[in-house]
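All remarks here apply to the structure that follows.
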Amino acid sequence: MHDGSGRVVVQNLTKTFGQVLAVQNLSFTVEPGSVTGFLGPNGAGKTTTLRMLLGLVTPTAGHATINGRPFHHLGNPARVVGAVLEAQSFHPNRTARNHLRVYAAAIGMPDQRVEEVLHLVGLRDAAHRGVGGFSMGMRQRLALATALLGDPQVLVLDEPSNGLDPEGIVWLRTFLQGFARQGRTVLVSSHLLSEVEQTVEQVVILSRGQTMYYGPLDQLRKAQQSRVVVRPADAPRLTTALEEAGHTTIEQLPEGVLAVAGVEPEQVGDLALEAGVAIYGMHTQQADLEQIFFQLTSGQFSGAQLNPASPHFQQQLLHQQYQQPQYQQQQYQQQPPPGWPQQPPPQQPEQQQWQRPQDGGQQ
Amino acid sequence: MNLLIKAEYRKVFTTKLWWALLIPAAVLSMAFTWGGALLGTLGDMDREVGGVLPLAIPAFGQGINFASVFGLILGGTAVTGEIRHKTITTSYLTGSTRGAVLAAKLFVYSTIGAVYGVVCMLCATLGAVFGDNLPNAADWFTLAGAGVVAMIMWTLLGVGVGALVGNQVGTTVGLIVYVLIVEPIISAVLRGNELGEIPPYLLNTSGGSMVTDLSLDLFFENLPGSSRRNERAYEELREFLNMTHSPQWWVSALIFIAWSVAIGLAGWLVARRRDIT
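From first to last, the protein sequence lines stand for chains A and B. In terms of our numbering, the first sequence opens at residue 1 and continues consecutively. In terms of our numbering, the second sequence opens at residue 1001 and continues consecutively.
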């Protein structure tokens, strides 16, 4: 059957709908034990990818496996993977309890499990009501309850925070982290990095159907250099002094303010003193993640003159900040999108031994 | 598979559609036989033909044909209803394979078609009893048996067409347009071109004839009076109903069963490959 690893592997996945290329040669791995964010703007191909993973959409090329097997070769798939795909998939006149009883029967879980998941998501009081009268948040909870019926090892959620109130979002975050801490796998998609920033440890960033980044979120955060913003008395003189000291990445901001990348404030202060330039103000600026995310995914609809897949564009975007060795790319027998920055999660050394599923994936 | 069948029954019985469609079907069945029975016992007829006219029998046949429309519609919602409410996603995610989910659906809806059939036949029998014109019991139950089979097959056909089309409105409208407009035109054109032997093989004609033919056969067998005169009337009636080329009722039944099973199978094949986006 399946290998019980809890690992989700997406390899060279491509899907075209007629002329539209929805997903292009996508590869990434989701490891158990942490929450992985699956990020990209609307239309980037997130939902299509998740649906291919779950056997609802047939890939044009490539394959996706859970526990080393394609979805429909898992035997009783809902006992391995639970999915929240859209909060609208209910018959409006069926009660929440009956909805869950239908699928509990399909999975082979006792009706007792229905009461458990209703309790777990806090819907016990509304269980006798038709889902048609449910709020968006309640539907999300019911969708999650449905996904949890089979006590799955892997949880896949597509934009689960949609319609949840702040309290619900916090609850979901705590729940997902607890779920992952039990050694299970969580893959959660979102079009907002800020929404999942506090929940996820790993991220897969998608734009135009291609992987732009995948690895630990911390790595992404660190990779973005901080810069020193300084207001000197004489900007040209300080610029010269900085350049002579080898700090060439200097941006001229309005009113004689300079932004210097790859440097500590102490260094700037010392250089200014040597050059005899007075400093009126100085602070360190951390790039915020949302900005990185935006840079990685920008141009999805408007970047006609720039091809985001070209190495040149990548370099522009990343300011050469991802200089990690790209050795991992060779592990996948494929051509990843050029300039694809990657960093293996350091706590998961076994990932490097990953190989193609022996059964060939798709029969 | 048993799990999926259980889930499918729960799906059907946790919404109202199954009884909302069963009630009119049952009422129609009863109304037809009751009306036929009453007509047959009208005094004038008695004198004319020399006995009670077993009109309940052909009325029964027509009643079955009308009632089976409800089975057809119910079957049509099996897959399309799930697509419409997007529960098909969850259904596929909780089944071992899509093929198994769809097979469970085909099976469950066939059995519900059987339930529809039995309920409608009972109501029809009650109608004949109320009209005080219940003919020969053996004949009556032969017809009822054919009615149950027809109802099962119409329901199965509905599931198949729904799975093929995938859209609820498209399925319902498409079926009605086909039955009321497309097939009659095809039949008329074929008959007009000396190809009258083909229409009995068409979907709706075979489904309708399997019951109508049987009911007419039984009606004439049960007619009081001289059999010679009845035979002539029988031929004339068949001609009037465009049934000159109709084969034996059980041949029509086999043709119709072939249609239903083939379309059910086609729906199964198509729906299990369709992308759910």
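Where a beta carbon is used, it is the ideal one built from N, C-alpha and C, also for glycine.
Among the residues facing chain A, Ser1206 of chain B is not included, as its CB has no counterpart in that chain under 8 Å away. Within the DSSP bridge table, the entry for Met136 of chain A names no partner.
Three or more Cβ pairs closer than 8 Å define a contact, and the segment 1119-1132 of chain B meets that threshold against the segment 1032-1040 of chain B. Interface flag for Arg51 of chain A against chain B is set, since a Cβ pair is found closer than 8 Å. Collapsing the DSSP output to three states places Val121 of chain A in coil.
The segment 89-105 of chain A and the segment 1081-1095 of chain B touch, with no fewer than 3 CB-CB distances between them shorter than 8 Å.
Here DSSP, grouped into helix, strand and coil, assigns Asn12 of chain A to strand. In this structure, Gln182 of chain A lies away from Gly163 of chain A, with their beta-carbon atoms at least 8 Å apart.
When DSSP states are grouped into helix, strand and coil, Asp158 of chain A belongs to the strand group. A straight-line Cα-Cα distance of about 13 Å links Val1118 of chain B and Met1153 of chain B. With a threshold of 8 Å between beta carbons, Ile66 of chain A makes no contact with chain B. Checking the DSSP bridge columns, you'll see Ile66 of chain A partnered with A:Val8, A:Arg69. If you check the CB distance, Leu54 of chain A and Leu1093 of chain B come in under 8 Å.
In the structure shown, His191 of chain A adopts coil according to DSSP, grouped into three states.
Here Cys1120 of chain B has Ala1025, Ala1026, Ser1029, Ala1067 as same chain residues with Cβ atoms under 6 Å from its own Cβ, once five neighbours each way along the sequence are excluded. Distance check between Gly1166 of chain B and each of B:Ala1078, B:Val1179, B:Leu1195 places B:Ala1078 closest, using alpha-carbon atoms only. When DSSP assignments are scanned along the segment 1104-1173 of chain B, the uninterrupted stretches of alpha helix (DSSP H) that are 4 or more residues long and fall wholly within it turn out to be 1137-1165.
Looking at A:Ala235, A:Val260, A:Gly215, A:Glu251, the one whose alpha-carbon comes closest to that of Leu39 of chain A is A:Gly215. Residue contact with chain B for Val10 of chain A: absent (no Cβ-Cβ distance below 8 Å to any residue of chain B). For Asn1204 of chain B, the uninterrupted alpha helix (DSSP H) run begins and ends at 1203-1221, by DSSP. If you compare the alpha carbons of A:Thr211, A:Val102, A:His72, A:Ala127 with that of Ala22 of chain A, the shortest gap goes to A:Thr211. In terms of beta-carbon proximity, Ile1276 of chain B lines the interface with chain A, with at least one pair separated by less than 8 Å.
Between Ala1271 of chain B and Ala1163 of chain B, the alpha-carbon positions lie close to 6 Å from each other. The segment 131-147 of chain A and the segment 113-121 of chain A touch, with three or more beta-carbon pairs separated by less than 8 Å. Checking the DSSP bridge columns, you'll see Gly37 of chain A partnered with A:Val188, A:Val203. Counting along the chain, Ser1091 of chain B sits inside the alpha helix (DSSP H) bounded by residues 1087-1093. The C-beta distance from Phe1219 of chain B to Ile1057 of chain B rounds to 5 Å, short enough to fall under 8 Å.
The residues Ala1163, Trp1268, Ala1271, Arg1272, in chain order, have a CB closer than 7 Å to that of Leu1102 of chain B in the same chain once the five nearest residues on each side in sequence are set aside. Along the segment 252-285 of chain A, the alpha helix (DSSP H) occurs as fully enclosed runs of 4 or more residues at 265-275, listed in sequence order. Under the three-state reduction of DSSP, Thr95 of chain A is assigned to strand.
If you draw a straight line from the Cα of Arg1084 of chain B to the Cα of Leu1237 of chain B, it comes to about 45 Å. Per DSSP, reduced to three states, the secondary structure at Ser1187 of chain B is helical.
Contacts with chain A at 8 Å (Cβ-Cβ) include Lys1011 of chain B. Taking C-beta atoms under 8 Å as the contact rule, Arg1098 of chain B and Val102 of chain A fail to qualify, at a distance of about 17 Å. Taking 8 Å as the threshold, the shortest C-beta distance from Phe90 of chain A to chain B falls below it.
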